[in-house]
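Here is the structure we will look at.
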Amino acid sequence: SIPSPAKQYSTNVARIFITVILVIPLASPLAIHAAASIVRTPLATQNTYEHEYQMARFLQKYYSGKTIAATDIGAIAYYADVFLVDLWGLGTLESAKLKRAGVYTTQDIARIARQNDAAIALVYDKWFEEYGGVPPEWQKAGEWTVEENIILKDNTLSFYALHPEEWQNLVKNLRSFSSELSPTTKQSGAFLLSETLQ
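Here it is, written out as structure tokens:
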């Protein structure tokens with residue numbers, strides 16, 4: 269027999285209800301992830317601008333055509349006309365091989381930068397802790413720190429002169445660039461001290 273419209277309606281409602289109950293648990297992780305992405309995207313974009321894009325601008329302005337060492341090379345490689353030594357291993361094969369073999373050390377970091385005649389290094393210090401740290405002979409000139417960080421592997425980026433004669437020049441360049449830096453990036457280091465530049 270043909271079910272009555274009322275009975276058919278009740279059956280359809282029950283099917284929809286059961287379907288919704290079954291689908292919600294499966295879809296909720298996707299919905300949560302989508303919502304989190306919507307919230308995180310503006311800050312993630314800001315972080316990229318605060319460090320990576322600013323690094324590229326700084327290097328293009330003051331070190332165009334020179335060799336520099338870095339641990340985060342993406343924006344630098346795209347925007348800046350520099351010769352890159354990738355101390356993290358993505359763009360420099362020797363770093364990658366030593367890391368993969370589990371024998372990468374502070375001495376290797378210093379040697380690879382030196383052999384490639386890098387003038388300065390832009391690095392996240394914490395990235396090197398497991399390898400023995402930043403080479404002690406490098407001279408830090410300044411730091412850029414991002415307070416609200418969700419995508420950068422470290423909040424603080426350090427600038428090092430790899431030769432004694434380069435330190436004063438790096439300090440001056442950081443000081444000169446400070447007016448162009450993102451206002452949400454906190455600066456610290458020798459380049460903020462006026463007496464350093466005299």
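Using the working numbering, the first residue of the sequence shown is number 269, and each one after it goes up by one.
Beta carbons are placed, not taken as given, at the ideal position from N, Cα and C, and that holds for glycine.
Since this is a predicted model, take the numbers as computed values, not measurements.
Taking CB distances under 8 Å as the criterion, tell me whether residue i reaches chain D.
{"i": "residue 440", "result": "Chain labels in this structure do not include chain D; a single protein chain is all it has."}
So residue i is in the alpha helix (DSSP H); what residue range does that whole segment cover?
{"i": "residue 362", "result": "361 to 369"}
{"i": "residue 329", "result": "322 to 330"}
Short check: CB of residue i to CB of residue j, under 8 Å?
{"i": "residue 350", "j": "residue 339", "result": "no"}
{"i": "residue 514", "j": "residue 381", "result": "Past the edges of the chain, shown from 269 to 466, lies residue 514, and the structure says nothing about it."}
{"i": "residue 457", "j": "residue 411", "result": "yes"}
{"i": "residue 345", "j": "residue 355", "result": "no"}
{"i": "residue 374", "j": "residue 333", "result": "no"}
{"i": "residue 357", "j": "residue 364", "result": "yes"}
{"i": "residue 388", "j": "residue 438", "result": "yes"}
{"i": "residue 390", "j": "residue 425", "result": "yes"}
{"i": "residue 386", "j": "residue 337", "result": "yes"}
{"i": "residue 441", "j": "residue 372", "result": "no"}
{"i": "residue 392", "j": "residue 406", "result": "no"}
What residue range is occupied by the uninterrupted beta strand (DSSP E) comprising residue i?
{"i": "residue 409", "result": "407 to 414"}
{"i": "residue 376", "result": "Careful: residue 376 lies outside any beta strand (DSSP E), inside the alpha helix (DSSP H) at 374 to 383."}
{"i": "residue 446", "result": "It is not in any beta strand (DSSP E) - residue 446 carries neither H nor E in the DSSP assignment."}
{"i": "residue 352", "result": "351 to 354"}
{"i": "residue 452", "result": "Careful: residue 452 lies outside any beta strand (DSSP E) and carries neither H nor E."}
Note down the Cα distance separating residue i from residue j, rounded to an integer number of angstroms.
{"i": "residue 432", "j": "residue 455", "result": "22 Å"}
{"i": "residue 408", "j": "residue 367", "result": "24 Å"}
{"i": "residue 219", "j": "residue 452", "result": "Since the first and last residues shown for the chain are 269 and 466, residue 219 lies out of range."}
{"i": "residue 404", "j": "residue 447", "result": "30 Å"}
{"i": "residue 423", "j": "residue 445", "result": "19 Å"}
{"i": "residue 413", "j": "residue 421", "result": "12 Å"}
{"i": "residue 362", "j": "residue 394", "result": "20 Å"}
{"i": "residue 436", "j": "residue 396", "result": "25 Å"}
{"i": "residue 323", "j": "residue 398", "result": "24 Å"}
{"i": "residue 379", "j": "residue 434", "result": "17 Å"}
Let me know if residue i comes out buried or exposed under the rule of 16 or more other beta-carbons within 10 Å of its beta-carbon.
{"i": "residue 360", "result": "buried"}
{"i": "residue 320", "result": "buried"}
{"i": "residue 443", "result": "buried"}
Report the three-state DSSP secondary structure of residue i (helix, strand or coil).
{"i": "residue 428", "result": "strand"}
{"i": "residue 341", "result": "coil"}
{"i": "residue 393", "result": "helix"}
{"i": "residue 440", "result": "helix"}
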